[in-house]
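Report on one structure; see the data block that follows.
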Amino acid sequence: MRVAIIGSGPSGLISGKHCLTTLKNLQVLHIYEKWACLGGAWRDDKEHTILYDSLRTNLPTEIMEFEGLSYENNNLRSSFVEASVVKRYLIKFADIFELKQYIKFETQVTKVSRIKEEWELIACHIPTNQIIKLKYDVIFVCNGHFEVPRIPHFNGLENFKRKKGENRVIHTIKYRRPEIYQGLQVLIIGGGPSAVDISIDVSPAAKYIYLSHHTNNLKNTKMPANIIHKPDIDCFDDDGVTFIDGTYAQIDRVILGTGYKYNLDFLDDTCGLWIEDDVYVTPLYKQFISIPNPTMVIIGLPIKTFIFPLLETQAKCMIQILNGNATLPSADEMHKERQLNEQNFQLKGIPKKSYHNIFGLVRQYMSELFALGNLEPLKEVFFNILDENISLRKENLVSYRNYKFTIVDSENYEIEHII
């Protein structure tokens with residue numbers, strides 16, 4: 001079996017590991033990586049990364065591990081670590097499972113096509129401009145979704161940028177440090193993890209931060225006193241912003257925490273997948289298996305979950321299917337389930353940008369994957385730690401990282417407050 005994996009971040013590495021260790025009849029394994037180093041969003045690349053200087057994980061390391069390698073948490077003061085710790089973990093993981101020899105660094109996949117029951121992949125080796133064209137039986141798409149910023153239209157924002165300067169408005173992907181916001185009034189748009197964490201990071205430097213969002217839970221959690229919750233934006237003028245409640249704020253800088261687009265531009269029409277409204281990949285079964293061509297999977301689309309165990313479960317599930325140890329329903333049955341899920345979203349008024357959001361449904365989703373792949377369920381302690389982390393974050397966004405978790409057994413854990 002010939003396998004191509006697109007991307008060498010966490011999803012690509014764990015998919016590669018399970019292809020090497022458990023996939024029967026593996027003949028070829030190629031992992032394509034357009035950058036010069038592995039790690040995906042966690043790679044050490046100051047220019048092309050989402051990482052900022054003070055970033056720490058918003059999940060404890062106990063639920064950011066793959067099978068076969070721990071973070072050696074006894075050496076960590078807190079369970080919430082700097083990006084460099086995660087990067088070193090991924091490099092060590094690749095070393096232990098001898099994955100680097102399969103990675104084609106600085107090689108960008110430009111096109112994938114479905115031709116006569118095979119996948120044709122075209123890639124370019126960036127330093128030499130050499131074109132590679134190869135055939136595969138299976139494609140794991142592991143290119144992540146933190147690279148192409150999603151920037152909605154805001155009335156008047158372009159005029160504000162012209163008046164204040166282009167660099168006065170950035171997306172969170174460009175944020176690095178708070179010092180440049182010293183004494184300024186800053187508007188941060190968004191209620192997701194990046195917008196909230198950057199608001200807290202900027203707060204000691206800024207005079208005021210206006211956090212524009214429609215996430216009701218945020219208003220009930222402890223945050224720095226100079227962060228002012230505001231509703232959605234009506235329009236900008238040359239000096240400030242008017243919100244939909246009619247209030248106005250003069251601002252100096254804007255940070256857009258408006259998320260990212262899914263990018264599958266390298267998949268041509270023969271692949272049978274598309275992206276709706278830049279944020280919903282379809283038609284997929286269980287949010288990762290292509291219904292038209294089930295030998296293609298997209299690993300890691302669901303959000304608001306413990307991502308590493310989910311990535312591993314998706315990869316293991318696909319290997320089980322390829323090995324003949326698990327069976328997919330018919331295409332009609334898979335489409336019916338997908339359509340039913342979409343109808344339920346629509347009835348509840350859930351926008352497409354939240355279709356891949358499994359917050360509150362993590363146990364259910366993972367249980368479905370365990371059943372589909374005939375896999376041993378994840379230990380309950382991991383779900384319990386995730387629930388505890390969510391509770392701590394809701395209570396106090398400033399201090400929830402000041403804890404260290406220790407797994408006691410398959411269900412229980414200990415938690416220590418770090419001063």
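Numbering (UniProt numbering), first residue to last: 1 to 419.
We put the beta carbon where it would ideally sit given N, CA and C, even for glycine.
Residue i and residue j: beta carbons closer than 9 Å?
i, j, result
"Tyr-208", "Ile-228", "yes"
"Leu-311", "Phe-146", "no"
"Gln-108", "Ala-123", "yes"
"Glu-120", "Tyr-136", "yes"
"Ile-289", "Met-334", "yes"
"Thr-258", "Ile-151", "yes"
"Leu-13", "Leu-51", "no"
"Val-362", "Phe-345", "no"
"residue 420", "Gln-287", "Not covered by the structure: residue 420. The range shown for the chain is 1 to 419."
"Asp-237", "Gly-360", "no"
"residue 423", "Arg-401", "Only positions 1 to 419 of the chain appear in this structure, which leaves residue 423 out of reach."
"Tyr-262", "Tyr-285", "no"
Are there 16 or more other CB atoms within 10 angstroms of the CB of residue i, so buried, or fewer, so exposed?
i, result
"Glu-276", "exposed"
"Ser-212", "buried"
"Leu-59", "buried"
"Asp-201", "buried"
"Lys-336", "exposed"
"Phe-160", "buried"
"Ala-4", "buried"
"Asn-341", "exposed"
"Leu-347", "exposed"
"Val-86", "buried"
"Ile-96", "exposed"
Per DSSP, which one or two residues make a beta bridge with residue i?
i, result
"Trp-42", "Answer is none; Trp-42 lacks a bridge partner."
"Leu-134", "Leu-121"
"Trp-274", "Thr-282"
"Arg-114", "Trp-119"
"Lys-261", "Val-148"
"Thr-107", "His-125"
Rounded to a whole number of angstroms, what is the C-alpha to C-alpha distance between residue i and residue j?
i, j, result
"Gly-324", "Phe-243", "56 Å"
"Asp-268", "Lys-111", "7 Å"
"Thr-313", "His-171", "32 Å"
"Phe-105", "Cys-19", "19 Å"
"His-214", "Cys-235", "16 Å"
"Asp-252", "Trp-35", "35 Å"
"Ser-410", "Lys-379", "5 Å"
"Asp-245", "Ala-315", "46 Å"
"Ser-8", "Thr-270", "24 Å"
"Arg-162", "Asn-75", "49 Å"
"Ala-41", "Pro-149", "13 Å"
"Asn-167", "Ile-418", "38 Å"
"Thr-305", "Gly-191", "16 Å"
"residue 431", "Gly-165", "Outside the shown range of the chain, which is 1 to 419, sits residue 431, and nothing can be said about it."
"Glu-33", "Tyr-260", "20 Å"
Check the C-beta distance from residue i over to residue j and give it rounded, since I have them as a contact under 8 Å.
i, j, result
"Ile-385", "Ile-132", "That belief does not hold up - the Cβ atoms of Ile-385 and Ile-132 are roughly 42 Å apart, past 8 Å."
"Leu-187", "Ala-206", "Rounded, the Cβ-Cβ distance is 10 Å, inconsistent with contact."
"Val-138", "Ile-299", "That pair is no contact at about 12 Å."
"Ile-233", "Ile-189", "7 Å"
"Leu-69", "Gly-16", "About 14 Å separates the two Cβ atoms, so there is no contact after all."
Could you confirm whether any beta carbon from chain C is found closer than 9 Å to the beta carbon of residue i?
i, result
"Lys-135", "Going by chain labels, chain C is absent from the structure shown, which holds only one protein chain."
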